[in-house]
Structures are given as C-alpha cells and as structure tokens.
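**Q** Quick one: structure below, then a few questions.
Residue numbers (the numbering used here): 6 to 235.
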C-alpha cells in the first residue's frame, strides 16, 4: 500500500456542481462476475446507444460492502454476491439525463447474470473532502504503487489539484476492449471544494464507462488507515 500524505486543515463543503449530474438507479440481481465493468458497459449500451460516443460519462455500480481497501473478495469461481442495496450510477452531462432515464425498467444481461434496473433519480454532485474510486488505471502498462502514486500526483498538479493525501490500494487485473489492464483502488483526502467537484465531474485515467476513475464520497482516510492496520 502506497501513501502520499500532507496535513491540511479540514474544509466544509456544500456547493453543488452544475457540470455533471448523477443518475442513480436501484438494481436487483443475485450475482455478477467480479470483473464486470466491460460487460456492464456493453449491456447498458445496448439500451442507451449513445454510451460509446459520450467520452465524459462515468458508470459506477455500488454492489455492497467493500473489503480489503475497496476490493471485495470474490468466490472461487470469480463471482460476487450483490446486496439488496446495490445501486447503479450514470454520471452524465445534463443533455444526456433525459435519455438516461430510458434505462428504467430494463433488464441488463451482464456475463449471463441478469440485473433489473429500477426507477432513476437525479442528484447534483456535491463536494466532499474524501473521495474513493474502486478502479484507477492511468496507463495500460503495468505500474507499481509508487510509480502510480507519482503519476497521479503529477497529473493532479496539471489540473490544479493539490494531492495532499493519496491512499493507493492493492492491484487487480480487469478486462478492457483492448486487453487486460492493471487497476488499483484509490482514495484522495483533504480536497478543497473545487478540487472535489473537478475530480468527481471529470474522473481520473482510463475507462470511466467501465467504472474506472469514477469517484464517490467516502469515509475519512484516517478511518481507512485504522481499518488497514487492524
């Protein structure tokens, strides 16, 4: 586990972002393959055909409690069990929200597992000082945690984001349309309001439609460090 750490005064956050909008759907289903990102993207694109042509969107499936710093351990056959609180989020530019609602009531076939999509509801992005992404891929080439953390910090500087605290988790291999990628979970903490909104709206790295580099609110990094040491 690689950590970049710089102390900073805590900030309060309350100003919404108008650039991207989250469209949240309830989802019912039993199981998914642990590496479901590419297949989920394809399943959604069968109903929302504009998905491949919308570079700014993000897709995220919150499928239940995490373990191991953002990586849920699958069963021996690579299958994860979905909780009743599973939610699908499409992070969309405003002009795609109306058509995004067309996913309501659809069945998604993801690697032969069926997901039933419930009614969607919209929510503007709100800043949060601590954000988390389950999968981050900066480059298709393999990077160790130290190199990845340095690459992320350098990229953040080009966007005006001061990377005060980064917690890079264990690596795992995921499928992409161009082959396999090595991804890491990533937590970023002590963000200013504008930094938090920028990171949520525009993400980080490759594969946002597969769930990579899509950030959501999370508990404080101090809690995660305690969990990691337990």
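Ideal placement from N, C-alpha and C gives every residue a C-beta, glycine not left out. Being a predicted model, the structure only gives us computed values, none of them experimental.
Return the chain-ordered list of same chain residues with a C-beta closer than 8 Å to the C-beta of residue 76, the five sequence neighbours on each side being excluded.
**A** Model confidence at residue 76 stands at a pLDDT of 43, short of 50, so the residue's coordinates are unreliable; what they give is reported in the following sentence. Around residue 76: 139, 174, 175, 177 and 190.
**Q** Is the separation between the beta-carbon of residue 97 and that of residue 110 shorter than 8 Å?
**A** For residue 97 and residue 110, no; Cβs fall outside 8 Å.
**Q** Quick one: what does DSSP say residue 20 is sitting in, helix, strand or coil?
**A** A caution first: residue 20 carries a pLDDT of 47, below 50, which makes its placement in the model unreliable, though a value can still be read off. Coil.
**Q** Considering only their Cβ atoms, is the gap separating residue 170 from residue 195 smaller than 8 Å?
**A** Going by C-beta atoms, residue 195 is nearer than 8 Å to residue 170.
**Q** Residue 26 and residue 102 - do their beta-carbons sit closer together than 8 Å?
**A** Taking 8 Å as the Cβ cut-off, residue 102 and residue 26 qualify as a contacting pair.
**Q** Got a sec? Which residues, its chain only, sit under 6 Å from residue 132 by beta carbon, not counting five neighbours each side?
**A** Cβ within range, chain order: 18, 198, 201 and 202.
**Q** Take residue 210 and list the residues in its own chain whose beta-carbon comes closer than 7 Å to its own, dropping the five residues that flank it on each side.
**A** The residues are 141, 142, 143, 217 and 218.
**Q** Leaving out the 5 sequence neighbours to the left and right, which residues in its chain are closer than 8 Å to residue 92 when beta-carbon positions are compared?
**A** Correct list, in chain order: 29, 30, 31, 32, 66 and 67.
**Q** How should residue 186 be labelled, buried or exposed, when 16 other C-beta atoms within 10 angstroms of its C-beta is the threshold for buried?
**A** Result: buried.
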